[in-house]
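Reviewing the structure listed below.
There are 2 protein chains.
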Amino acid sequence: MLSKKTKYGLKALTYIARSKDDMPVRVSVIAKSEQIPQKFLESILLTLRKAGILGSKKGKHGGYYLRNEPSEIKMTDVMRVLEGPIAMVPCVSLNYYEKCDDCPDENLCSVHKLMIQVRDNTLSVFRNTTLEDLSNE
Amino acid sequence: MLSKKTKYGLKALTYIARSKDDMPVRVSVIAKSEQIPQKFLESILLTLRKAGILGSKKGKHGGYYLRNEPSEIKMTDVMRVLEGPIAMVPCVSLNYYEKCDDCPDENLCSVHKLMIQVRDNTLSVFRNTTLEDLSNE
DNA sequence: GTAATCCCTAGTAAATTGATAGGAATAATA
DNA sequence: TATTATTCCTATCAATTTACTAGGGATTAC
Numbered sequence: 405m406l407s408k409k410t411k412y413g414l415k416a417l418t419y420i421a422r423s424k425d426d427m428p429v430r431v432s433v434i435a436k437s438e439q440i441p442q443k444f445l446e447s448i449l450l451t452l453r454k455a456g457i458l459g460s461k462k463g464k465h466g467g468y469y470l471r472n473e474p475s476e477i478k479m480t481d482v483m484r485v486l487e488g489p490i491a492m493v494p495c496v497s498l499n500y501y502e503k504c505d506d507c508p509d510e511n512l513c514s515v516h517k518l519m520i521q522v523r524d525n526t527l528s529v530f531r532n533t534t535l536e537d538l539s540n541e
Numbered sequence: 405m406l407s408k409k410t411k412y413g414l415k416a417l418t419y420i421a422r423s424k425d426d427m428p429v430r431v432s433v434i435a436k437s438e439q440i441p442q443k444f445l446e447s448i449l450l451t452l453r454k455a456g457i458l459g460s461k462k463g464k465h466g467g468y469y470l471r472n473e474p475s476e477i478k479m480t481d482v483m484r485v486l487e488g489p490i491a492m493v494p495c496v497s498l499n500y501y502e503k504c505d506d507c508p509d510e511n512l513c514s515v516h517k518l519m520i521q522v523r524d525n526t527l528s529v530f531r532n533t534t535l536e537d538l539s540n541e
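Pasting the structure below:
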């Protein structure tokens, strides 16, 4: 299952990408429009900012804005920040590889083989999708 | 993340598929060989039996066996039984569709669009993979 | 200086996961 | 029939994760 955090994060990014003017977008505006609990959304956008995907401006007239063009923001990056590793098991993760304790030989492991295929397919979607694609209506 | 339940279930199915003779395979044998907690594995195999994927024989010399040829057992079925819906959000699930409360129009929802693509790719892997593929070494 | 905003830490209730416990039911066999 | 080996079933539980909420600090525009 996709977590609410990721779902909310993607919706918020889309909202920001769709907002035409260059003003930073306030959390409260996104929360209201997308029906997301505001405090929860705050923490999500903070995560995206710390990951370098969003920038922010504090104080009155503050808010969040994209650090790059929507067409430059890949879903691989967004998903890794929000949802964590893309692979369903650590032993097929490119960025967070971990050997299974129980598995003597990965090449003989049926789960490993299957999950590599799933990973490659999911990855190809995320690699070929940018925030621009998401924000096109 | 793939649950341990699914991981164990896949490994157990593979083990049974690889065992050449037609004797039912005991839970204890699989548990020992694959390093799976036996009681937990019991409950998993029970689930697979109730779903019609495994058959069982009780009492002495009892155990579990496949109800069909490995080449007839599709990963779509196995994964749905063990892991639940293949889609990451209910609003793109073929078998367990549910509308999102918050989403006024699915066609405008960026999450929806992205998750349809992920679902289709994952589904194509599971549809084209059978237990026979997993059990080939 | 005041209002509006993001920033940060902490906490928390509910759900899910990954088991374990204990025994009932069933079947083979001596 | 008694014994043993197995699956079957229900209940329980600790740890973790999820989806928030609370409260206030820091910063900026006006």
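Top line first, the protein sequences correspond to chains A and B.
To convert, take the position in the first sequence, counting from 1, and add 404; that gives this note's numbering.
To convert, take the position in the second sequence, counting from 1, and add 404; that gives this note's numbering.
The C-beta atom is built at its ideal place from N, Cα and C for all residues, glycine as well.
A check of alpha carbon separations from residue 475/B across 532/B, 412/B and 408/B identifies 532/B as the nearest. Within the region 440-465 of chain B, complete beta strand (DSSP E) segments of at least 3 residues are found at 458-461, given in chain order.
Residues of chain B whose Cβ lies closer than 7 Å to the Cβ of residue 418/A are, in chain order, 514. Within the model, the alpha-carbon separation for residue 507/A versus residue 418/B is close to 14 Å. By the Cβ criterion, the region 521-537 of chain B is in contact with the region 522-541 of chain A, since at least three pairs of Cβ atoms, one from each stretch, lie closer than 8 Å. For residue 485/A against residue 440/A, the beta-carbon gap comes to about 17 Å, at or over 8 Å, which does not count as contact. Under the 9 Å criterion on CB atoms, residue 539/B is classed as interfacial with respect to chain A. Residue contact with chain A for residue 525/B: present (Cβ-Cβ distance below 9 Å to some residue of chain A).
The C-alpha of residue 497/B lies about 41 Å from the C-alpha of residue 465/B. Chain order gives the chain A residues near residue 519/B as 406, where near means a beta carbon separation below 8 Å. Taking C-beta atoms as the reference points, residue 467/A and residue 430/A count as a pair closer than 9 Å. Taking 9 Å as the Cβ-Cβ cut-off, the region 432-458 of chain B approaches chain A at 438, 439 and 440, given in chain order. Interface criterion not met: the Cβ of residue 425/B is under 9 Å from no Cβ in chain A. Put simply, the region 443-461 of chain A does not touch the region 421-428 of chain B. Fewer than three CB pairs are less than 8 Å apart. Residues of the same chain with a CB within less than 8 Å of the CB of residue 492/A, apart from the 5 flanking positions on each side, are 519, 522 and 523 in chain order. Chain B has a Cβ within less than 9 Å of the Cβ of residue 415/A.
Rounded to whole angstroms, the gap between the alpha carbons of residue 469/A and residue 461/A is 8 Å. Residues of chain B whose Cβ lies closer than 8 Å to the Cβ of residue 528/A are, in chain order, 525. Counting along the chain, residue 469/B sits inside the beta strand (DSSP E) bounded by residues 467-470. Setting aside the 5 residues that flank it on each side, residue 412/B is surrounded in the same chain by 438, 440, 444, 445 and 448, each with a C-beta closer than 8 Å to its C-beta; the list follows chain order.
Within chain A, 526 and 529 have C-beta atoms less than 7 Å from the C-beta of residue 522/B, given in sequence order.
Scanning chain A for C-beta atoms nearer than 8 Å to the C-beta of residue 485/B yields nothing, as the closest lies near 15 Å away. For residue 506/B, the closest Cβ of chain A is nearer than 9 Å.
Contact of residue 533/B with chain A by beta-carbon distance below 8 Å involves 518 and 521. In the three-state DSSP reduction, residue 436/A falls in the helix class (H, G or I).
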